[in-house]
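Single-structure report; data block below.
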């Protein structure tokens, strides 16, 4: 299976609220809230780190989760957000560029 | 409860200003007859001051940012402000008349990820719209702007303020919005000017026309449901807060003045002298607004409409008391249901008891000196 590289769309709004991240797509106004694990994946979505590495290096060390289950959950999460254009998925890394950070 | 409502509830519990309405200028290229603003520049916030304010709002947890005016595009630095707002990842909505929006402006708004644009249209007939805006050719330019924005795939709402002079045109504006692929919203409320001058309130449509608007299915949906008598109010209604103003929403003027809402000009602080979060958390005025539940409204808590009325605390404040009734909303509740509000009944009772002071022409008589002495004694 090829690696996935995820990056955040610039066409979204995002803000932390009480430990959860609110995210809204400006293209279709879909509104999401991300739990702690999803927020960590979101924050690590720099387009350069493979998703598998985000899961193994960040998610599995910060949360008490099985690597296989965490990878499956992350894949599902990425698929859902990419459907709404909130996360962009590629099979190769993006060159580093100025990026937006949620406050 | 929708996810959005849940977030609003959470913001309310955490004391977070989820929404900020920022008027970046009161200057405007139109001179609408019903406008509540003074269009002179009395010392607007600079670009850097606005950037600082947005940074503070972002840190305070604000998510929804409405940029409005005046006309936002009267500011030459508007795109710089917008770019900064989007860099801070606000959900940005813009209110504009569209007159200064061409292809390039529409493209930049889309590239910057603006979520929604609201544009004022008063009539589908140029002679009516342009008479209200006092800007010849404005309807044509506004419609062109909507087409440019829609061609970029952005969402547009046509906002139709209803007043004497365009009250027959809402169906035409609604049809125009549909043709343009825009949503439509109607507002029949003309508010007093922010300096307290209420002369423009005379432009409000008469009750009979409001009655007719509320029975137009294309505007309200199910008329029977919309115009149904209010259900009895329970404890939950009496403990409810009137609206988000001051609870999860705030307003900042082009001069940095912070108030609960654009329609609620209660001074609470100024971002040129204080940090936004300090005003939000510690302003005695905002804390007073937050303390008011429906049960604390002397007249409205006794009203059968208390649970369903659109009572605006800002309009009530402009009428004299933030705990008082808003007569415009009393009128709406009455025209919608045919049931008079407690405030209307109270006013009727006051009128039926006759004037509180009776004045009669004084006829001098031989005993006039005695009369004057008696009158003076009564006054003392």
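Protein chains in written order, with our numbering: chain B, 15 to 117; chain C, -16 to 363. By construction, the Cβ of each residue, glycine as well, lies at the ideal position given by its N, Cα and C atoms.
Original post:
Does the count of Cβ pairs from the stretch 33 to 48 of chain B and the stretch 101 to 112 of chain C closer than 8 Å reach three?
Top reply: no
**OP:** Could you tell me whether any non-hydrogen atom of the ligand SAH is closer than 8 Å to the CB of residue 206 of chain C?
**Re:** The ligand SAH is not part of the structure shown, which contains no ligands of any sort.
Original post:
Pick from C/298, C/333 and C/313: whose alpha carbon is nearest that of residue 289 of chain C?
Top reply: C/313
**OP:** Could you round the C-beta distance between residue 35 of chain C and residue 6 of chain C to whole angstroms and report it? I think they count as a contact, below 8 Å.
**Re:** No, residue 35 of chain C and residue 6 of chain C are not in contact; Cβ-Cβ is about 17 Å, not under 8 Å.
Subject >> Below-9 Å beta-carbon distance, residue 21 of chain B vs any chain C residue >> reply: For residue 21 of chain B, the answer is no, since every Cβ of chain C falls outside 9 Å of its Cβ.
**OP:** Identify the contact partners of residue 44 of chain C in chain B, using a Cβ-Cβ distance below 8 Å as the criterion.
**Re:** 29, 30 and 31
Original post:
Where does the unbroken beta strand (DSSP E) through residue 269 of chain C begin, and where does it stop?
Top reply: Careful: residue 269 of chain C lies outside any beta strand (DSSP E), inside the alpha helix (DSSP H) at 267 to 274.
Original post:
Does the separation of the CB atoms of residue 47 of chain C and residue 76 of chain C fall below 9 Å?
Top reply: yes
Subject >> chain B residues whose Cβ lies nearer than 9 Å to that of residue 97 of chain C >> reply: Under the 9 Å cutoff, chain B gives 40.
**OP:** List in chain order: all unbroken alpha helix (DSSP H) runs of 4+ residues lying wholly within the stretch 187 to 223 of chain C.
**Re:** 190 to 196, 200 to 203, 206 to 209 and 218 to 221
Subject >> Residue-level contact to chain A via CB, residue 43 of chain B, 9 Å cutoff >> reply: Here the protein chains are B and C, and chain A is not one of them.
Original post:
Can a CB atom of chain C be found closer than 9 Å to the CB of residue 26 of chain B?
Top reply: So, interface residue.
Original post:
By how many angstroms is the C-alpha of residue 292 of chain C removed from the C-alpha of residue 277 of chain C?
Top reply: 11 Å
**OP:** Mind listing, in chain order, the continuous beta strand (DSSP E) runs of no fewer than 3 residues lying wholly within the stretch 154 to 192 of chain C?
**Re:** 166 to 170
Original post:
Do three or more CB pairs link the stretch 81 to 101 of chain B to the stretch 22 to 38 of chain B at distances below 8 Å?
Top reply: yes
**OP:** Check distances from the C-beta atoms of the stretch 45 to 72 of chain B to those of chain C and list, in chain order, the residues that come in under 7 Å.
**Re:** 45 and 47
Original post:
Can you give the Cα-Cα distance for residue 272 of chain C and residue 229 of chain C, rounded to whole angstroms?
Top reply: 7 Å
Subject >> Within-9 Å CB hit, residue 33 of chain C to chain B >> reply: no
Original post:
Are there 16 or more other CB atoms within 10 angstroms of the CB of residue 69 of chain C, so buried, or fewer, so exposed?
Top reply: Residue 69 of chain C should be labelled buried.
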